Each structure stands twice: as C-alpha cells, then as structure tokens.
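Written below as structure tokens is the structure these notes are about.
There are 2 protein chains.
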Amino acid sequence: MKKIKHIVFGGAGFVGINLVKKLQEKNETILVVDNLSNSRKDVLLNISNKSLVFFKHLDINNTYDMEGLSKTYSFDKQSIVWHLAANSDIASGIDDITIDLNDTFLTTIAILKFCKLNSIKQLAFASSSAVYGNLDGIAVSEEHGPLYPISNYGAMKLASEAAISAAFEQYLDKSIIFRFPNVVGFPSTHGVIHDFINKLKQNPNILNVLGDGNQQKCYVHSEDLADMLINIFDETFGLDILNIGPEDDGIKVSRIAELVVDKMSQDAEIRYEDKKQGWVGDVPVFKYDSTKMISLGFKPLKSSEEAVIQTISQILTESF
Amino acid sequence: MKKIKHIVFGGAGFVGINLVKKLQEKNETILVVDNLSNSRKDVLLNISNKSLVFFKHLDINNTYDMEGLSKTYSFDKQSIVWHLAANSDIASGIDDITIDLNDTFLTTIAILKFCKLNSIKQLAFASSSAVYGNLDGIAVSEEHGPLYPISNYGAMKLASEAAISAAFEQYLDKSIIFRFPNVVGFPSTHGVIHDFINKLKQNPNILNVLGDGNQQKCYVHSEDLADMLINIFDETFGLDILNIGPEDDGIKVSRIAELVVDKMSQDAEIRYEDKKQGWVGDVPVFKYDSTKMISLGFKPLKSSEEAVIQTISQILTESF
Chain Y
1 MKKIKHIVFG GAGFVGINLV KKLQEKNETI LVVDNLSNSR KDVLLNISNK
51 SLVFFKHLDI NNTYDMEGLS KTYSFDKQSI VWHLAANSDI ASGIDDITID
101 LNDTFLTTIA ILKFCKLNSI KQLAFASSSA VYGNLDGIAV SEEHGPLYPI
151 SNYGAMKLAS EAAISAAFEQ YLDKSIIFRF PNVVGFPSTH GVIHDFINKL
201 KQNPNILNVL GDGNQQKCYV HSEDLADMLI NIFDETFGLD ILNIGPEDDG
251 IKVSRIAELV VDKMSQDAEI RYEDKKQGWV GDVPVFKYDS TKMISLGFKP
301 LKSSEEAVIQ TISQILTESF
Chain R
1 MKKIKHIVFG GAGFVGINLV KKLQEKNETI LVVDNLSNSR KDVLLNISNK
51 SLVFFKHLDI NNTYDMEGLS KTYSFDKQSI VWHLAANSDI ASGIDDITID
101 LNDTFLTTIA ILKFCKLNSI KQLAFASSSA VYGNLDGIAV SEEHGPLYPI
151 SNYGAMKLAS EAAISAAFEQ YLDKSIIFRF PNVVGFPSTH GVIHDFINKL
201 KQNPNILNVL GDGNQQKCYV HSEDLADMLI NIFDETFGLD ILNIGPEDDG
251 IKVSRIAELV VDKMSQDAEI RYEDKKQGWV GDVPVFKYDS TKMISLGFKP
301 LKSSEEAVIQ TISQILTESF
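Residue numbers (my numbering), protein chains in the order written: chain Y, 1 to 320; chain R, 1 to 320.
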C-alpha cells in the first residue's frame, strides 16, 4: 500500500470535507479519520476520489483504535496531520465542559501522541477566534494577550494550542496553528444561517432572531478556507499562529436575517430580542486583524457578505 | 461544624504549606485537600493550628471522592478556593504529557466542577511563568502574546488558565491567576538548589552543573509569595492575570552554585557543560516584567539572590 501523505482527523466534518476536496487535487494519498458525530460521510464519499482517499471510522480518544491505525497504514516524516477534530457547536458546550474537554482538547492530546508514535513531524491545527473571548469589537491580532476565552470551546482550543507548542519543542518540526473565524458553506450543520432557514421552514411568517441583530462577525467561506489552509501551510515553517479572516469588518446578524428572508420568504417579519448577546458564550461583535495572513500574500476570495450569500443558496440546495 | 472559608487544593505541597501557614493568621477555617504525592504532610501538621486547619487526603481527579467532599464540609459563596494542585516538577513531565495532563490540567477541570457544584464563586490559581516559553531574556509582561510554552507543564498551566477564563464567564465572580516565577524556600522538594546540595552530599569535591551556568532566572521566596497571594487576592477583583516576581533580573545558575559551594564545601570544583539549556524544556534566561504587581502596591521583600541564600540554609536545616 502506498504511504499516506495527508491524515485528516475530523475529515468527514464540514471543514474537513472541503479540505479533502481540495487536497485530492494534489494527487496525494489521504486518510480521513472521523467518529462520524456531526459529520457528513455521504458528502465525503460523494466527493472522494476512491484511489486517493481512505476512510477510517474511529474515536480518536480510543487509544487502542488509534494504535491500530498506526499498524494498518504507513506514514513517514513527510506525512502531514490536519487536525480538524473538535466539537463544532460552541453553544452546546457552554453548560458542561465535558463535551469540549473530550472532543476539542483530548483529541489534540491523542493526535499529538499519534504524531510522536509514528514520527510524523508536520501538523496543521484548526484553532479558532474563540480563543480571544469578547474584545468589544477591537480588531484582534495574533499578538493579543492575555487571552480570556469565554466559552469552553474557545478555552479548549487555546489549551490545544498550548499542548501543540510544547510538542513542537519536543518532536514536531512544523506546527501551523490557524485561528478560524466563523466558517460558512456546504455541508455545514449548524450556525446562524441554518437557524434562520430552519425557523422560516417551520413558520414562513416570522423570523425570531437571538439577540438584537447588531452582533457583527467575520465569515469565511469553507472553499476559500480550504484553499488558504493548504497554500499557507506550504509557505510557512516552524511553529506559527495565524488569524484566517476576510479583509472586511464582518456582517451584522440583522443583514444575514434580511438575506435569508429575501431568499426564502420575503413577507416574513423579523423580530429581535432586547439583548446584545444571542446566547451565553456568544461574542456579539468580533473583528479580526488579518494583517499577518495578508502580508504572507493570502486572502479569501469572498467577503463576509459574499460568503453568507453563497452559503444560503448552498444550504437550500444541499450542494457545493 | 463551622463553614470552611478557604479550601487549599495541593495544600500539603511546598507552596501550599507556606500559604496555609499565612492564611491561618486570619483566624479563618481552612480545608487542605492533597493527594500527598510530592507533599510534606509532616511539615503541614507541624505548622497547623488544629482548630482552624482540616485535612483531607484524596485524589482530586477522583469524581466520587470530590463529590464526597461536598457532602462532608460546608461551603458558601464567600469561600475561596486556592488551586495549587499540580505536578511541580517540570522536567519529569517532558517525555510524557500524561503527568501534566492529569496532575496539572485535569485537576483544574475537577476543581472548577467542585466550585460550580458548591456555588463557590472565588478562585485563586497558581499559574506559572512557564506559560511564556523561551523568550531569550525579554522582560515579559502579562500582555505578551501569542504564548508558546515549551514544556508540557507550561502548556497545561496555560490550558488551565483558559478553562478558568471560560468558567468565569459562566459561574465564577472572581478568578485571580498568579503567574509564579521560580519559587524557593522550605519545604521545597526539588530544583536547582536541591540538585546542588544533593550532589555535594554525594561528592564534596565536585559539583557538576547542568548547562553552562549562564542560565539566569528570577526567584521568589515562598514566604514572600504566600504573603503576596493573600494580599493581592484581597485587593483585586473580577478575572485577572498577574506576574508575581522580584524587581531584579534574577540570578545566574553559576552564582547559585557558588553560594551552595560556599556554604557546604568551599574547596569543591564547579564544572559546567558546554550547552545553554540545562535540560529539554528549560528556559535558559528568563526575565519578568512585574510592573502590574508593583503598580498595585506589592513586591517581594527579598531579591532573587536573598531568596536563594535563605533557601540554602533552610534546606540544610530542614526548617522555616
């Protein structure tokens, strides 16, 4: 069997599928490892070139299964681990840290052990803007500190970054940490656009928005993101942290509501709440300083609004 | 039974004992919880006022025992949790992250669950300068970022800070995170001074130093530290992170070697290695920006050198 070049943990999830779709254009072997929670294996199988993409269903936190992976497949120092395995629903982990402890953090520990065991020296990690917490709309750069995450998800992403940093000192040659903004596209499973679409499907006359609609955040489209991950990883080295975001200051929730209503149910009334935060752990206004990414020569093709518009169509048609 | 005012996790360890010694001067009830690994229960019992200090031997990561604690003792919103439970030997955790994952990080998760379960709203946390990694002697402030810890210990301290930050958003009213420098004093159990004393006891003629002796770090004496923890906690609020350090730029390993040799075996030959780092994960030169602490009106009574000199005597005499 050919040696595996790319191992994508969480590769049957929303961002993982977009990454696999782009990676196979390189004509290199890919192993997707996923526990199929909150995943879309149907879409993954649909886009996969069967001669390049292998799939293994397992729980990354199961030591026995992970050691089995090392016996079944062949890896080397040139292999790259893409670590996208995490709980992807921030709100679901607010009440109980166990979800993000297991799915967002302990997966990182397990993946680092996998790298060490197999002498894999290259790691790309999907971190998050959630590590920054609530900064009241200050455009935040990678140098910002100290970090006060307000969700267990953000906390466990920061914890993962820390573990990767120590692993780099010991046995990794390259560890690129990407701090994602909100990512939209197909086949996403939740988030504000899904929320609005689902509500309008239930009641085409009223759209109840969580919060006052003034929440404003940056969005990157998953196809843009996948391109950037691959290209930036190729162009960077050592241990590095990069904000990935659009050049704009984001789009308001009220504008997203209008765009969804315009597409689905033009007469619907949009109702807002009298509070800034949509839910505990939500960051109402988030701006991103992507200077470092841009200075390396990279930027998304689509703005936040363009990414949202494309995503509304993709979710409604269930297609790329 | 009287309500417990202070719960000191890791209270039978080196810093914990110094904290308990000072806390009981307030004449408030104290519960010490410790697994007695790397601890000095003999010293704790020796210094404890029996009417104020209660002791419970348990493993913080044992959910059943921790829930038992909540049934045995009475706590309230005015109680303060002092979280000093951790692996305290950075070097021991370099090869295997399991030690610091369990003892330095998962203890934090367990203690946060304990706070939530018992509606305890106030937490003081012993973090570490190890979160900063190797900054080549730049005087580092709390605002420094991004953080690249180089030891699993530093990584799991940073991970703990992140979890505490998210808990503050949800159910804590006050969370003060103290980033400790190197702490010396009695009854410490390991570190450079112990290393030198043990070597000279084995061979009074030669002292083999790890590294080239130019490693330079800040030291705070444990009695100074305990005073500052209590006083600063009283004077701060909300969620905050503070470097705790001396005003000086530290003391070189070669100077520590001379001080120990001078006290124990004046004719001993001091031998150095031809490398900057004493061990993997060691930070050769570390300077601390304690401006924030000083601006609040606090500083240690002893300099780095004075702290080291007092500690050499204390270790040799096994006494405060």
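Think of the CB as a built atom: it goes at the ideal place given N, C-alpha and C, for glycine as much as any other residue.
Keep in mind it's a predicted model, so treat the numbers as computed, not measured.
- prompt: For Y:V280, which residues in chain R fall below 9 Å Cβ to Cβ?
  reply: E169 and Q170, listed in chain order.
query: Who are the near neighbours of Y:N214 in its chain, counting only those whose CB is closer than 8 Å to its CB and skipping five residues on each side?
result: Correct list, in chain order: K252, V253, S254, K276, P284 and V285.
- prompt: For Y:D136, which residues from the same chain have a beta carbon less than 6 Å from its beta carbon, with the 5 sequence-adjacent residues on both sides left out?
  reply: Answer for Y:D136: no residue qualifies.
message: I need the boundaries of the beta strand (DSSP E) containing Y:Y219, first residue and last residue.
response: In the DSSP assignment, Y:Y219 falls within the unbroken beta strand (DSSP E) covering Y219 to H221.
- prompt: Name the chain R residues whose beta carbon is nearer than 8 Å to that of Y:I120?
  reply: Residues of chain R passing the Cβ test: none, with the nearest at roughly 16 Å.
field: Validate contact between the stretch 188 to 207 of chain Y and the stretch 169 to 186 of chain R using beta carbons, cut 8 Å, 3 pairs
entry: No: fewer than three Cβ pairs fall under 8 Å.
query: Considering only residues of the same chain and omitting the five flanking positions on each side of R:I4, which have a CB-CB separation below 8 Å?
result: Within the same chain, R:I4 has close Cβ partners T29, I30, L31, F54, Y73, S74, F75 and S79.
task: Name, please, each residue of chain R whose Cβ falls closer than 7 Å to the Cβ of Y:P149.
output: Going along chain R in sequence order, the residues near Y:P149 (Cβ under 7 Å) are A162, S165 and A166.
message: I'd like to know if R:I99 contacts chain Y, where contact means its C-beta is closer than 8 Å to some C-beta of that chain.
response: R:I99 is outside the set of residues whose beta carbon lies under 8 Å from a beta carbon in chain Y.
task: Could you round the C-beta distance between R:F168 and R:L117 to whole angstroms and report it? I think they count as a contact, below 8 Å.
output: With a Cβ gap of about 16 Å, R:F168 and R:L117 do not count as contacting.
- request: Check whether the stretch 10 to 17 of chain R touches the stretch 302 to 320 of chain Y, counting contact only when three or more Cβ pairs, one atom from each stretch, lie closer than 8 Å.
  value: Segments in contact, no.
message: Which residues does DSSP list as the beta-bridge partners of Y:L106?
response: Partner(s): none; Y:L106 has no beta bridge.
- prompt: Within this structure, are the beta carbons of Y:V140 and Y:Y148 separated by less than 8 Å?
  reply: No, Cβ-Cβ distance for Y:V140 and Y:Y148 is not below 8 Å.
- request: For Y:H221, go through chain R and note every residue whose CB falls closer than 9 Å to its CB, in chain order.
  value: In chain order: nothing, as chain R lies at least about 26 Å away.
- request: Quick one: which residues of the stretch 234 to 254 of chain R get their C-beta closer than 8 Å to a C-beta of chain Y? List them in chain order.
  value: The stretch 234 to 254 of chain R vs chain Y, Cβ under 8 Å: L239 and I241.
message: For a test of the three-state rule: what should DSSP assign to Y:A126, helix, strand or coil?
response: Y:A126: strand per DSSP, three-state reduction.
message: Using a Cβ-Cβ cutoff of less than 6 Å, which residues in the same chain neighbour R:L225 once the five nearest sequence positions on both sides are dropped?
response: V183, listed in sequence order.
- request: May I have the straight-line CA-CA distance separating Y:N102 from Y:N61, to the nearest angstrom?
  value: Approximately 8 Å, taken between the alpha carbons.
query: With burial defined as no fewer than 16 other Cβ atoms inside 10 Å of the residue's Cβ, what is the status of Y:F237: buried or exposed?
result: Exposed, since its Cβ has fewer than 16 Cβ neighbours within 10 Å.
query: Nearest-angstrom Cα distance between R:I256 and R:K217?
result: When rounded, the distance between both Cα atoms is 11 Å.
message: Checking the sheet assignment: what are the DSSP bridge partners for R:D240?
response: Beta-bridge pairing links R:D240 to R:I176.
message: Within 8 Å of any Cβ in chain R, is that where the Cβ of Y:L158 sits?
response: Output row for Y:L158: interface = yes.
query: To which residues of the same chain is Y:G340 closer than 7 Å at the C-beta, ignoring the five residues directly before and after it?
result: Summary: the structure shown does not reach residue 340 of chain Y, with chain Y confined to residues 1 through 320, and so no result is reported for it.
Which of helix, strand or coil DSSP assigns to Y:K252: Residue state, collapsed to three classes: strand.
- prompt: Does DSSP classify Y:Y328 as helix, strand or coil?
  reply: The question about residue 328 of chain Y has no answer, for chain Y in this structure spans 1 to 320.
Nearest candidate by alpha-carbon position, reference R:L301, set R:M228, R:W279 and R:D212: For R:L301, the nearest C-alpha among the options comes from R:M228.
field: Nearest candidate by alpha-carbon position, reference Y:L259, set Y:A307, Y:D274 and Y:E273
entry: Y:L259 has its Cα closest to that of Y:A307, out of Y:A307, Y:D274 and Y:E273.
query: How would you label Y:T63, buried or exposed, when you count the other beta carbons within 10 angstroms and need 16 or more for buried?
result: Exposed, since its Cβ has fewer than 16 Cβ neighbours within 10 Å.
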